[in-house]
Amino acid sequence: MKITRACDYTIRALVYMAQHPMGTAFMRSDIAKECNVPDSFLGKILQNLAKSDILVSERGKKGGFRLGKEPNKICMYDVIVAVDGPLNINNCLDEQVDCCYDQSCCAHKMWKDVQADLIEKLKKYSLADISEGCQ
Numbered sequence: 001m002k003i004t005r006a007c008d009y010t011i012r013a014l015v016y017m018a019q020h021p022m023g024t025a026f027m028r029s030d031i032a033k034e035c036n037v038p039d040s041f042l043g044k045i046l047q048n049l050a051k052s053d054i055l056v057s058e059r060g061k062k063g064g065f066r067l068g069k070e071p072n073k074i075c076m077y078d079v080i081v082a083v084d085g086p087l088n089i090n091n092c093l094d095e096q097v098d099c100c101y102d103q104s105c106c107a108h109k110m111w112k113d114v115q116a117d118l119i120e121k122l123k124k125y126s127l128a129d130i131s132e133g134c135q
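In structure tokens form, the structure reads like this:
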């Protein structure tokens, strides 16, 4: 499993936002510049985060993007799922894929356990935890 570039960019942007007072609105171009993220790519990412209620998007003169929740209420698992979709370390664990070996595969239980542990660990890390280490 490898975290995508989109997810890496997302975490950079969210950490930047979390380092400011709650309620601060950010323009996409400012986030892109400060986080060294391509502006056009960031637009798609931010919209996905807004659809997942991690961010709030507001139009207008005083608009922009702001955190939709306190940083300690945003877990890394939710961020990854918002950007990359469901987390599956092996295709056999993807609910959209019909694996004909799930009952007979000797490794299926191991993959399932490893994935459950990874998800549990990612749910324990909040945006606040991540951003505290960057200040």
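Just so you know, we're using full-length UniProt numbering here: the sequence shown kicks off at 1 and counts up by one.
Where a beta carbon is used, it is the ideal one built from N, C-alpha and C, also for glycine.
Item: Counting pairs of beta carbons, one from the segment 32-44 and one from the segment 62-70, are three or more of them closer than 8 Å?; Value: no
Item: Nearest CA to the CA of residue 29: which residue from 21, 13, 105 and 18?; Value: 13
Item: Throw me the rounded Cβ distance for the residue 79 and residue 54 pair, which I believe falls under 8 Å.; Value: 6 Å
Item: What residue ranges within the segment 35-59 form continuous alpha helix (DSSP H) runs of no fewer than 4 residues, ordered along the chain?; Value: 39-51
Item: Classify residue 126 as buried or exposed, calling it buried when 16 or more other Cβ atoms lie within 10 Å of its own Cβ.; Value: buried
Item: Might you give, ordered along the chain, the residues of its own chain that have their beta carbon closer than 6 Å to the beta carbon of residue 49, omitting 5 neighbours on each side?; Value: 55 and 82
Item: Given residue 123, which residues of its chain have a CB within under 7 Å of its CB, disregarding the five upstream and five downstream residues?; Value: 75 and 77
Item: Would residue 23 be called buried (16 or more neighbouring beta carbons within 10 Å of its own) or exposed?; Value: exposed
Item: If I follow the unbroken beta strand (DSSP E) through residue 118, where does it start and stop?; Value: Where residue 118 is concerned, there is no enclosing beta strand (DSSP E), although the alpha helix (DSSP H) it sits in stretches over 108-124.
Item: Considering only their Cβ atoms, is the gap separating residue 27 from residue 64 smaller than 7 Å?; Value: yes
Item: Determine the burial state of residue 116: buried for a count of at least 16 other Cβ atoms within 10 Å of its Cβ, exposed for fewer.; Value: exposed
Item: From the DSSP output, read off the bridge partner residues of residue 64.; Value: 58
Item: Which residue marks the beginning of the alpha helix (DSSP H) containing residue 80, and which one marks its end?; Value: 76-84
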